[in-house]
Structures are given as C-alpha cells and as structure tokens.
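Numbering (full-length UniProt numbering), first residue to last: 1 to 521.
Where a beta carbon is used, it is the ideal one built from N, C-alpha and C, also for glycine.
Notes follow once the structure below has been shown.
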C-alpha cells in the first residue's frame, strides 16, 4: 500500500479493536473525567505568579534549565500560552501516557478493568494540579512523562532498534523535564515487582534479563545520552530547579535523606491530600502489599518462594525510593513540591493496579471497588477545590491591586514621563492558604510553593499587574522582572521605617523615593 492510500482513521480503529472491546470508550471516559476535574483551569485564564509570560512563550524559555526539547511541546500550540487548548492538550498527553502504561502492566494479569483504574489514578492524583498551574508548561510536564513511558515500553528487549529507540525516548523525556526520571524509575521498579510476582516458576532471572534489564540499561543510556546532549549543545545546567549533580562526597548523606523523605511522602498530609485521603492511600498501599505477598505464597513453594519473598521485599522498598530517584543525583531539595513528584501519581496508580487484580473472595473485590471509587472521587474533589481557591485568590489579588494602583495614581509627586521601579516589601495577604486551612488547620507539608502562596503578582515582578489593570505609569523592565529584587526590598523596608511609615493599608504605606514606587507591606 502506498503512503497516499494510508487511512489514519482506519488504522487507529484497527489498533483500538485489536486491544479489545471498550478500550476507546474507556479512554474517552478518562479524558472526560479529567476535563471535569480540571474544568476551572480550562475555563479560566488563571493569572499565576508567572503570568508575566502571557500570552506568548519564548522558544528558549527552558534552555537555562537544560530542557532543550521543551521547545517541541511549545511549538504544538504555536508558542502561545493558549487558554483551554493548552490544558486539553496536556490532558490528552497524560491520559495517553497512563493508558499506555496500563496496557504494559495489564499484560501480566489480562484484566481490562485495570486500564481504567490506572489511568484515572495516575491522571487525577492532586500533584498533577501543579502542571496545570504552570499553564505554559502543561504540555512539557505531561509530554516528558509520555516520552519516558514510551521509552520503557519499547525497550523491552536487547534488539538494537527497540533498545536504541527506547533510549532515545528517555533522553528526549529528560531533555523535556528532568523529574520524569523519577517517573521512569518508579515504572521500572513496578515492572520488576510484577516480574517477581507473575513470571513462571524457575524463569524469574531469565524473565528479568529478557525484559527488565533492557529497560534498566535503556534508562541509564537515556540518562547518559541526555548529559552528552548538554555537552554537545554547550548548555551549562547550574540550576537547582533542574539537574545540578550531587558530588560523591555528598552522596552518602544524600541517600539517607532521600530514603527518609521517600517514606515520609507516603505519610504526611498536604493541602490537597488531607487526612481522609491520606488514610485511604495508606490503607490501599497496605492492602496492595498484602496482595503481592499473598500472591507469592499461593503461586510458589520451597526455596523459590523464599527467594522471591526476599526479592519482593527489596523491590517494594526500591519502588518507594524510586519515587524520589531524581533527588539521588540532583541536589534539588524540593522534596515535597508537586511538580517534582509526579512519580507519586504512578506509584499510587501501581498500588490500585494491584488492588484491582484481587479476584476473590467477592466481598473483598466489592470492598476494593468501593475504595477505588472513593479515592478517585476524593482526587476529583481535591482538584476542583484547589482550583476554586485559586479563582477566589485571583479575585482578591486583583481587587487589592486596584486599590494600590488608585493610591499610586493619586500621589502628587508622580511623574508619568518618568520610569519607575515598583518595590513591594512583602507578599499579599495569604488568602489561598487561609482558605486551604479553613477545614484543616495543619498540613504535614506544603504542596507547591507558588501554587500555595504565589499571588498573581510576586515580589520580583510587582508592577506588571498594574499594567494589566490599565496603568499608564512607565515601569522599568516593563514591570515583568525587577533585578536585585531582594536587595531592593530590604532597602525599601529600611527607607519606610526611617520615614516612620506604617504598613498597608495605612495612607502612608505607598510613597515615591527617587525612581522607586514603594509599597510597604
């Protein structure tokens, strides 16, 4: 058949039919529930504290962090931070990644219902909120995950083409967003656990060698390929937001720190993972571990059982630690930030994959179904509640900025022909966290710093929101970034105190000093 005769619709339908009945419907259901769960992100053009990037995305936006392949995902929306389109594209990429992973895992159990469970848990887990908060990067985050998932799917043997293609996908995933390394490591450890559980008696090491060792080597090759690409492109990555490598002298302490943080991340509550939801996730994790070990006891006997029990214990510990794999090689210390922990979405997806393979007795199966539905519902509830908080926070910040702008424009010494820096000495009132704390006074850890506390105009760019509100004042640097903002804030606070001024909302809190408009908070 010539390329001119290729029918894409027929090809996709054939692949869907080959996977079995209901697969396309299941995928559509997952996408639909994602759209519902992230509806406010889709319907509202949220002003985040990075909103100075609206509406266009610089092609070189992430080069400083070594994410040179991010440009590909930016190009999918024409380098525009597009309302709705950006978010729906991210949902499709993420659902496709989770769907492909579910297909990979369920080959061991042949339970089609597991595909739906894995996809919903992976895509609705509240850490994914951070991807939508950084609107211009939503395709980057989920595109990187899709690339590493495809890489591990393809690299299931030592055949050169499959191994090389898998390694390339992983390299591109890391070059899109480096924390996808933790996602890849988590998925790989889950595959090893499944191999220990389901490989036929007497074939464990052969199965590991044939299917999982190629994936491990492809992951390593992809990592080295990424580091080589940085050298070739002349990119010096020196940012803790990306991949500043841990030195050998730091490694022993780092390993201990990562192990502790890995297990604590399963226990502590966060703004979007409150006590009830955390308890359900802990119960699910405990039941999944029980199912794994009971499956071994049913399937194997004698020395092989003992050997597999030992290996399963080690692999289960490795599965938890793998969720923080990035931190083993990078001195990034944002252990709790959602955007560095998308791997936990896939850890819990695996937990519910195991639970959904529970076949009998019927009462347990019914209980597991209730547990799955309750968890997915609470995920959706958390996602929507956070978006509601962000919307109310935006309304609050815009109203506050309007009041500040009115005060500034009434200053008698204001000269509209002059250029000013806007120096705000502190943040806006923490309305977002106050709302998140309204029903839960204590969180073990924060969620995502910018999403938790980041008002729509941050201390490094306090002026740009006034431009959006119609101000005719000429702001230095266009109001989008104020160099040396920390030093300017300290100096502005010193000046305000020296002049015996009182913080906002006092009438003396906003004043002009040389070419600075100071807002004393």
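Excluding its 5 nearest sequence neighbours in each direction, residue 37 has C-beta neighbours in its own chain below 6 Å: 124, 380, 383, listed in chain order. Distance from the CA of residue 94 to the CA of residue 515, rounded to the nearest whole angstrom, comes to 47 Å. Residues of the same chain with a CB within less than 8 Å of the CB of residue 280, apart from the 5 flanking positions on each side, are 371, 374, 375, 378 in chain order. The Cβ atoms of residue 393 and residue 130 lie no closer than 9 Å to each other. Inter-residue distance for residue 386 and residue 135 is about 15 Å (C-alpha atoms, whole angstroms). Here residue 270 is bridged, per DSSP, to 273.
From the listed residues 419, 416, 290, 449, the smallest Cα separation to residue 430 is found for 449.
With 16 or more other CB atoms across the displayed protein chains lying within 10 angstroms of its CB, residue 171 is buried.
Nearest C-alpha to residue 425 among 332, 414, 306, 497: 497. Membership of residue 516 in the beta strand (DSSP E) is indicated by the continuous run 516-519. Apart from sequence neighbours up to five positions away, the residues of its chain that approach residue 201 with a beta-carbon distance below 8 Å are 299, 300, 304, ordered along the chain. If you compare the alpha carbons of 412, 362, 397 with that of residue 463, the shortest gap goes to 397.
In the three-state scheme derived from DSSP, where H, G and I count as helix and E and B as strand, residue 155 is classed as coil.
Classified as buried, residue 105 has 16 or more neighbouring CB atoms from the shown chains inside 10 Å of its CB. The C-beta distance from residue 235 to residue 475 rounds to 31 Å, too long to meet the 8 Å contact threshold. Residue 270 sits close to residue 443, with the two beta carbons spaced by under 9 Å. At a Cβ-Cβ threshold of 9 Å, residue 117 and residue 70 do not count as neighbours.
CA-to-CA, the gap between residue 191 and residue 24 works out to about 25 Å. For residue 338, the CB contacts under 6 Å within the same chain, skipping 5 residues up- and downstream, are 127, 130, 447, 448 in chain order. Under DSSP, the beta-bridge partners assigned to residue 419 are 474. Contact between residue 102 and residue 119 holds: CB atoms are separated by about 6 Å, below the 8 Å threshold. Taking C-alpha positions only, residue 508 is separated from residue 433 by approximately 28 Å. The beta-bridge partner set that DSSP reports for residue 511 consists of 518.
When beta bridges are read from the DSSP output, residue 245 appears opposite 330.
Your pair residue 146 and residue 184 does not check out as a contact, with CB atoms roughly 11 Å apart and the cut at 8 Å.
Secondary structure of residue 336 (DSSP, three-state): coil. For residue 504, same chain residues with a beta-carbon under 8 Å away, outside a window of 5 residues either side, are 404, 510, 519, 520, 521 in chain order. Distance check between residue 249 and each of 207, 278, 329 places 329 closest, using alpha-carbon atoms only. Judged by DSSP secondary structure, residue 318 falls within the alpha helix (DSSP H) whose first and last residues are 302-322. Under the three-state reduction of DSSP, residue 56 is assigned to strand. In the structure shown, residue 490 adopts helical secondary structure according to DSSP, grouped into three states. For residue 385, the enclosing alpha helix (DSSP H) has its first and last residue at 362-409.
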